[in-house]
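Residue numbers (UniProt numbering), protein chains in the order written: chain A, 1 to 263; chain B, 1 to 216.
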C-alpha cells in the first residue's frame, strides 16, 4: 500500500522501534504530604507489551501513569523511556521523550472549544509539524477506526461520553506514540457505553505494536488484552504474571481478596 | 419648576457632542481594561516573585485608590515631570488602567476555572506552553468571563462623568456647561440621565447576545 504513512495503525516512527525494555522506573518514590504513594518502586515494561495495573484504589497505579506522562514528578528515582531519561532531565529532553507517550484520561479531557477534527489535528500540526491536510487525513482515518466518521465537525459536548472517549483515543494515537497510557478510561462512562470503547482498545491492542499501560477495573478486558498483569498494593507490586496466572491462580492473599471483591 | 421642550432642543447639539465623547471613553477605556487586565492576570501567573510582587502591589494600589485621585494625579502631576497628554487621552488611559485592576481578577477567576484536565491533556499532547494558553486555556477562560467583564463595562459607563473633573466634556460636562450658561438644569440633566439608562440597557443587550454566541 503506497499510502501506508496514512494508515491508522501503520506506525512509522522516526527512529527504529525499540525492542526489549522500553519503560523503566528505578527506585521511584512519590509522596503526597506524609502519604507515600509509591515506595521505592522498580518496574519495567518491554516494547510492544500490554501491561495492566490492578489493585485497590490508592495503591499507586494511576500515579505511575501520571509520572510517565510527566504530570507529576517523582520525589526520588529515575524514569527512563526508550533509553532516554525522562526524570531527572532538562525540560528540552522531557519534551522529546514525552513525544513517545500518549495518554487517555478517565474524564476524556477533550478541548471543548474545538471541533472533534481539530482536537485530533491540533497537536500533530503544532508539535509534529505535520501539514494541516496530512493531519486531517490521518484524523479521518483514526475517526473511522473508532467509528465516528460522521462527527468530525461536532463539538465534544454534542457527543456521548463513549464517543468523547473514542475521540480522545484517536487524539492520542494521532501523535503516533510508542506508549499508550490508559487511565481508567471507562470509569466515567455509563455502563452501556463501556463496550464500544473497550472494543476499540482491543482492536488497537491486536493490530498495532503500541505498548500499552492500562489501569482498569474491567477485569475481562484486562484478561483479554494483557501480556502481563501487575497487582499493586500500598505503592508496591505484590504480584506479577500472565493474566491466566493472576486471575486463575493468584498466589498472594491480597490479590485473592482484591479479585474476589471486583470479579 | 417647569419643563421646557425648547431647552431640550437647545441642548441637543451639545448633548450629541457629549454622547460621542462618552462613548469614546467607554469603548477605548474598556479595550484598555480588557487588554491590560489580561496582561496583569498573566504576569501574576509567572513563577517568579520578581514579577508577581510588583504587579500585585501596583494593581492593589490602583484598585484601592479613588479613580478621581488617579485622574487628578495623571492630569496635573505628570505634566510637572514633562509628560503631557490631552485631557481625553489621560482620562481614557486612567479609567482603562483603573478598571484593568478589576478585570485582572475576573480573568484570574476565569483561568482558574478551566479544569486541570485541560492542562493535563495539553501536556500529554506535548503542546508548547504558549500554544496551550492561546488555543486551549484562554479561549475557555474568556468565554467564562464575558458576563463579568460586561458588568465592569456598565460600571465604567457610570464612572465616565468623573472625567469632567479633568475638563473632558462628556455628557455630564456638556449638561453642566449648558445649565450654567442658560440657568436651566432640569432639562439637560434629565436628558443625560435617560441617555445613561439607554446606553446601559443597549450594552447589556449586546452583552447577552455575545454570551449566547459564546456558549459552546
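Every residue gets a Cβ at the ideal spot worked out from N, C-alpha and C, and that includes glycine.
Given the structure is predicted, the values throughout are model-derived calculations rather than measurements.
Closer than 8 angstroms to the CB of residue 32 of chain A there is not a single CB belonging to chain B. Closer than 8 angstroms to the CB of residue 46 of chain B there is not a single CB belonging to chain A.
Bounds of the beta strand (DSSP E) holding residue 228 of chain A are 228-233. For residue 249 of chain A, no beta strand (DSSP E) segment is defined, and its DSSP state is neither H nor E.
Within the stretch 170-246 of chain A, the complete alpha helix (DSSP H) segments at least 4 residues long are 191-207, 219-225, listed from N- to C-terminus. The alpha-carbon of residue 31 of chain A is positioned some 45 angstroms away from that of residue 65 of chain B. Shown here, residue 83 of chain B sits in coil according to DSSP, grouped into three states, outside any helix or strand.
At a cut-off of 8 angstroms between beta carbons, residue 120 of chain B contacts chain A. Taking C-beta separations shorter than 7 angstroms and ignoring five residues to either side along the sequence, the partners of residue 30 of chain B in its chain run 153, 156, following chain order. Here residue 34 of chain A carries a coil assignment [DSSP, helix/strand/coil].
Interface criterion met: the Cβ of residue 103 of chain A is under 8 angstroms from a Cβ in chain B.
Within chain A, the residues whose beta carbon sits less than 8 angstroms from that of residue 126 of chain B are 95, 98, 99, 123, 127, 175, listed in sequence order. Not a single CB atom of chain A sits nearer than 8 angstroms to the CB of residue 39 of chain B. Nearest CB-CB separation between residue 105 of chain B and chain A: not below the 8 angstroms threshold. Residue 117 of chain B reaches chain A at 105, 107, 109, counting residues in chain order whose Cβ is nearer than 7 angstroms. When the five nearest sequence neighbours on each side are left out, the beta carbons in the same chain lying within less than 6 angstroms of the beta carbon of residue 78 of chain A are those of 26, in order along the chain. By the Cβ neighbour-count rule, residue 120 of chain B is buried, with 16 or more other Cβ atoms within 10 Å of its own.
Against chain B, the CB of residue 130 of chain A has no partner CB under 8 angstroms away; the residue lies outside that interface. Comparing C-alpha distances from residue 40 of chain A to each of A/50, A/60, A/126, A/258 shows the shortest one belongs to A/60.
One thing to note: residue 221 of chain A has its Cβ no nearer than 8 angstroms to the Cβ of residue 193 of chain A. Look at the beta carbons and you see the stretch 43-53 of chain B not touching the stretch 165-184 of chain B: under three pairs across the two are nearer than 8 angstroms.
By alpha-carbon distance to residue 33 of chain B, the top candidate from B/96, B/149, B/209 is B/96. Inter-residue distance for residue 114 of chain A and residue 33 of chain A is about 37 angstroms (C-alpha atoms, whole angstroms). Against chain A, a Cβ distance below 8 angstroms from residue 139 of chain B picks out 113. At least 8 angstroms separates the CB of residue 145 of chain B from every CB of chain A. Here residue 87 of chain B is actually not in contact with residue 67 of chain B; their C-beta atoms are around 15 angstroms apart, not less than 8 angstroms. Around residue 37 of chain B, the same chain offers 100, 103, 104, 107 as residues with beta carbons nearer than 6 angstroms, after the five sequence neighbours per side are excluded. In this structure, residue 205 of chain A sits near residue 50 of chain A, with a CB-CB distance shorter than 8 angstroms. Beyond the five residues adjoining it in sequence on each side, residue 56 of chain A comes within less than 7 angstroms, by CB distance, of 233, 258 in the same chain, given in chain order. Assigned with DSSP and collapsed to three states, residue 102 of chain A falls in strand. Residue A/29 holds the alpha-carbon nearest to the alpha-carbon of residue 87 of chain A among A/181, A/29, A/108. Going by C-alpha positions, residue 45 of chain A is about 20 angstroms away from residue 185 of chain A. Residue 150 of chain B carries a helical assignment under DSSP once its states are collapsed to helix, strand and coil. The distance from the Cβ of residue 200 of chain A to that of residue 225 of chain A is about 12 angstroms, inconsistent with a contact at the 8 angstroms cut-off. Contact annotation: the stretch 70-86 of chain B touches the stretch 158-178 of chain B, with at least three C-beta pairs closer than 8 angstroms.
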